[in-house]
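In what follows, a single structure is set out as structure tokens and then discussed.
Residue numbers (my numbering): 487 to 1052.
Encoded structure:
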């Protein structure tokens, strides 16, 4: 690399790390955020609502891609960088000073979701600009490696957020951190914002963009040209379904869902869970650079599709092994102690609650929600019509209750049901809340025992899948579109694949677990989309590693009707 190329990569990557740090703080602190801003809901609804508020930031990312992608293709990459980083940093800082729902009620949740939407819009414009900017400075045959540095920024941003959270937790203690210390990582974003803006101001505009503007070959309507003309819209659809859809679900399963699964399903404390994820990221992040480099040699397509295929084939055994190692007592009980919910036909409903306003009051829904909250797998059987649902644990039978029938005594009925269910589960052999078999790390370097070492190894494999699908993706997307619509064209399929297919993964998988009683059933979500991407990618996605990135940009080429090789 020349000094100029190193500066471009460093400046683009560091600013993007800070932006991902801002975005991921919410995901890393989803449990605390749920308790602070959605406390008016019951715990199960609160978890879904908190995860969906996290997903809200992902849902608007494609709209940010349209807004800022168009701006980047019309005005330039550099100035779009500045706008997105200011929006992101300011929104994150405001979360740090936002009153909780205990102080201002539902208004707190509304403001939080608005801030998440602003973050999503900013991030929707950030990634495409950074990838495009670096790619347009890269020499032929090196784009995979150069843009792979941008691919490390998402993981490094997550890692930085985990480090800040762990340091703050350790310094303040769990009680103070849960009370008010969680705000500190958000408040620090104002410092990162200042650094990021200063860095972005040092950059010059992309030479490819400057040349295009000087020759007058830029697009006057990037959105219309990118998605209104079939030859370009077709490429965007192929990029979405043949590349980014599978890449998105593999990425979020390996990093975000793994963290959620360890904490919420396996009941590992937040300190230990964050350390385990952090170590897997430390060990695996180099994979982004390796697979980016390798894609310059063997192609983008085979590496991305192989990563999707390996993930789909191994998710079930890996997550089952993760359960067996992280919470051995729970795993053993799950294998040996049958739990059944017997309920009248029509008494059970699918408990996906996207708004947090639906109340599930039937005896079956109450029983299933309680079991899902305790990570107890169960089967469901049809019972006599009109009868209250019962939970069968080994040889014990616990009667649930119906809120409408209990009336004023609903609170007392719920307390009785919860007490009797806990007693039955413990008596049958399920571990109590204070379970000594659950993995627990005393300090960041407490990794040389078998239990944490094996868990980090499993998480490392999940991260390697992430690096396979994500390391080459920027180069693959950049090479599909010409300069005049590159920012717009690549950003939308990327952010739909990651923002929608990936961003909805945590909330959807949690709801699937609650619906089926199988803590692994949610894995079908990433598996199905990863397999679909492998099939579509093999058939329709062209290999792009040897394409001339600027061949279509000259005025003579456009007049001659030049089209990239299929």
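Yeah, the Cβ is synthetic: ideal placement off N, Cα and C, and Gly gets one too. The structure displayed is predicted, hence computed values, not measured ones.
Rounded straight-line distance, which links the Cα of residue j to that of residue i
i            : j            : result
residue 712  : residue 632  : 25 angstroms
residue 1018 : residue 974  : 25 angstroms
residue 737  : residue 795  : 13 angstroms
residue 690  : residue 636  : 18 angstroms
residue 1024 : residue 503  : 32 angstroms
residue 866  : residue 903  : 18 angstroms
residue 1027 : residue 1013 : 20 angstroms
residue 889  : residue 850  : 11 angstroms
residue 937  : residue 726  : 39 angstroms
residue 1030 : residue 546  : 29 angstroms
residue 876  : residue 1003 : 15 angstroms
residue 669  : residue 762  : 23 angstroms
residue 841  : residue 595  : Residue confidence is low: residue 841 scores 42 on pLDDT, short of 50, so the model does not pin down where it sits. No coordinate-derived value is stated.
residue 887  : residue 710  : 57 angstroms
residue 921  : residue 810  : 14 angstroms
residue 714  : residue 566  : 23 angstroms
residue 899  : residue 522  : 27 angstroms
residue 843  : residue 914  : With a pLDDT of only 45 at residue 843, under the threshold of 50, the placement of this residue in the model should not be trusted; the figure read from the coordinates follows. The straight-line gap from Cα to Cα measures roughly 35 angstroms.
residue 675  : residue 805  : 34 angstroms
residue 754  : residue 665  : 20 angstroms
residue 626  : residue 1032 : 8 angstroms
residue 1100 : residue 801  : Nothing about residue 1100 can be reported from this structure: the residues present for the chain run from 487 to 1052 only.
residue 781  : residue 756  : 36 angstroms
residue 549  : residue 493  : 30 angstroms
residue 487  : residue 628  : 10 angstroms
residue 1045 : residue 977  : Note that residue 1045 has pLDDT 43, beneath the 50 cutoff, so the model's placement of it is unreliable and no number is given.
residue 948  : residue 662  : 33 angstroms
residue 717  : residue 847  : 52 angstroms
Beta-carbon contacts of residue i that lie in its chain and below 6 angstroms, excluding the five residues immediately before and after
i           : result
residue 730 : 979, 980 and 983
residue 808 : 944
residue 485 : Limits of the chain in this structure are 487 at one end and 1052 at the other, which puts residue 485 out of reach.
residue 679 : 575
residue 882 : 910
residue 954 : 777, 789 and 793
residue 853 : 827, 875, 877 and 886
residue 640 : 506
Whole-number beta carbon distance between residue j and residue i, since they are thought to touch under 8 angstroms
i           : j           : result
residue 673 : residue 582 : 4 angstroms
residue 605 : residue 587 : That belief does not hold up - the Cβ atoms of residue 605 and residue 587 are roughly 20 angstroms apart, past 8 angstroms.
residue 950 : residue 880 : Not a contact, Cβ separation roughly 40 angstroms.
residue 825 : residue 878 : 7 angstroms
residue 568 : residue 735 : Rounded, the Cβ-Cβ distance is 32 angstroms, inconsistent with contact.
residue 630 : residue 968 : Not confirmed; about 19 angstroms, so no contact.
residue 618 : residue 774 : Wrong, their Cβ atoms sit about 18 angstroms apart, outside the cutoff.
residue 833 : residue 708 : Contact flag wrong, Cβ pair sits at about 53 angstroms.
residue 831 : residue 868 : 6 angstroms
Close Cβ partners of residue i (< 7 angstroms) along its chain, the five nearest in sequence each way excluded
i           : result
residue 688 : 497
residue 647 : 507, 510, 511, 514 and 671
residue 699 : none
residue 759 : 745, 748 and 749
residue 908 : none
residue 785 : 1029 and 1031
residue 940 : 811
residue 728 : 1019, 1022, 1023, 1026 and 1027
CB of residue i within 9 angstroms of CB of residue j, strictly
i            : j           : result
residue 598  : residue 539 : yes
residue 986  : residue 554 : no
residue 1035 : residue 965 : yes
residue 815  : residue 924 : yes
residue 931  : residue 770 : no
residue 563  : residue 615 : yes
residue 836  : residue 993 : no
residue 580  : residue 608 : no
residue 952  : residue 740 : yes
residue 961  : residue 499 : no
residue 551  : residue 501 : no
Any chain D beta carbon closer than 9 angstroms to residue i
i           : result
residue 988 : Absent from the structure is chain D; it holds one protein chain and no more.
Residues near residue i in its chain [Cβ-Cβ closer than 8 angstroms; skip 5 each side]
i           : result
residue 942 : 762, 765, 766, 769 and 933
residue 692 : 562, 563, 564, 618, 619, 622 and 623
residue 752 : 808, 809, 812, 813, 816, 861 and 924
residue 645 : 764, 767, 768 and 771
residue 652 : 757, 760, 761, 764 and 930
**Request:** Write down every uninterrupted run of the beta strand (DSSP E) in the stretch 609-640 whose length is 3 residues or greater and which is fully enclosed by it, in chain order.
**Result:** none
**Message:** For a minimum of 4 consecutive residues, which ranges assigned as the alpha helix (DSSP H) are wholly contained in the stretch 870-943?
**Reply:** 889-892 and 896-914
**Request:** Let me know the beta strand (DSSP E) ranges lying completely inside the stretch 562-613, each 3 residues or longer, listed in chain order.
**Result:** none
**Item:** Complete alpha helix (DSSP H) runs within the stretch 950-1006 (minimum length 4 residues, chain order)
**Value:** 959-964, 969-981 and 991-1002
**Request:** Within the stretch 694-750, note down every full alpha helix (DSSP H) run reaching 4 residues or more, in order along the chain.
**Result:** 708-713, 716-725 and 731-738
**Message:** As an exercise, report each continuous alpha helix (DSSP H) stretch of at least 4 residues that is fully enclosed by the stretch 769-808, in chain order.
**Reply:** 772-784
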